[in-house]
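Asks:
What follows is the structure, given as structure tokens:
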């Protein structure tokens with residue numbers, strides 16, 4: 042598999058997976074993001090992205106999702122292995138640049154799951 046790909050197996054896809062991570066995962070906060078991190082038995086780190094409809098419009102929501110996916114795609118080797126992560130963006134995160142997003146998400150993953 043390509044190093045910087047974002048395969049389907051690296052995503053949380055089912056609503057049951059999202060609910061499990063949200064219910065059992067360790068909650069981490071930054072100014073613009075909330076993460077639920079859960080250790081798993083799988084070999085790879087998987088990510089799910091949740092953006093509230095309260096974020097102004099679809100263009101801004103999609104931009105936030107693209108920034109988070111790009112961070113994951115480029116930094117997945119440096120992230121803790123065997124972790125499921127649910128990243129939720131707060132309302133003002135649409136104003137962030139990629140560099141700001143990267144700093145905040147690295148801070149979230151640095152704390153890691155229990």
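Numbering (our numbering), first residue to last: 42 to 155. Each residue gets a CB set at the ideal place from its N, CA and C atoms; glycine is no exception. Everything numeric in this text was worked out from a predicted model, so none of it was measured.
DSSP three-state call for residue 142: helix, strand or coil?
Replies: As a working note, residue 142 is residue 101 in the chain shown. It is helical.
Asks: Among 65, 144 and 94, which residue has its Cα nearest to the Cα of residue 124?
Replies: Here the question's residue 124 lines up with position 83 in the chain shown. Ranking the options by Cα distance to residue 124, first place goes to 65.
Asks: Which of the three DSSP states, helix, strand or coil, is assigned to residue 131?
Replies: Residue numbering aside, residue 131 sits at position 90 when the chain shown is read from its first letter. Looking at residue 131 - three-state DSSP - the assignment turns out to be coil, as it is neither helix nor strand.
Asks: Does residue 82 pass the burial test, meaning 16 or more other C-beta atoms within 10 Å, or should it be called exposed?
Replies: If you number the chain shown from 1, residue 82 lands on position 41. Exposed, because fewer than 16 other Cβ atoms sit within 10 Å of the Cβ of residue 82.
Asks: Could you pull out every residue in the same chain whose Cβ sits closer than 6 Å to the Cβ of residue 105, ignoring the five residues on either side in sequence?
Replies: Residue 105 sits at position 64 when you count from the first residue of the chain shown. Excluding sequence neighbours, residue 105 sits near 92, 130, 134 and 135.
Asks: Provide the residue span of the alpha helix (DSSP H) that contains residue 56, from first to last.
Replies: Residue numbering aside, residue 56 sits at position 15 when the chain shown is read from its first letter. Per DSSP, residue 56 belongs to the alpha helix (DSSP H) from 56-65.
Asks: Mark residue 96 as exposed unless 16 or more other C-beta atoms lie within 10 angstroms of its C-beta, in which case mark it buried.
Replies: Here residue 96 is taken as the residue at index 55 of the chain shown, counted from 1. Buried, since its Cβ has 16 or more Cβ neighbours within 10 Å.
Asks: Where does residue 78 sit, in a helix, a strand or coil, going by DSSP?
Replies: Mapped onto the chain shown, residue 78 falls at position 37. Of the three classes helix, strand and coil, the one that applies to residue 78 here is strand, per DSSP.
Asks: Evaluate residue 54 with the Cβ neighbour count: other Cβ atoms within 10 Å of its Cβ, from every protein chain shown; 16 or more gives buried, anything less gives exposed.
Replies: Position 13 of the chain shown, counted from the first residue, corresponds to residue 54. Flag for residue 54 reads exposed.
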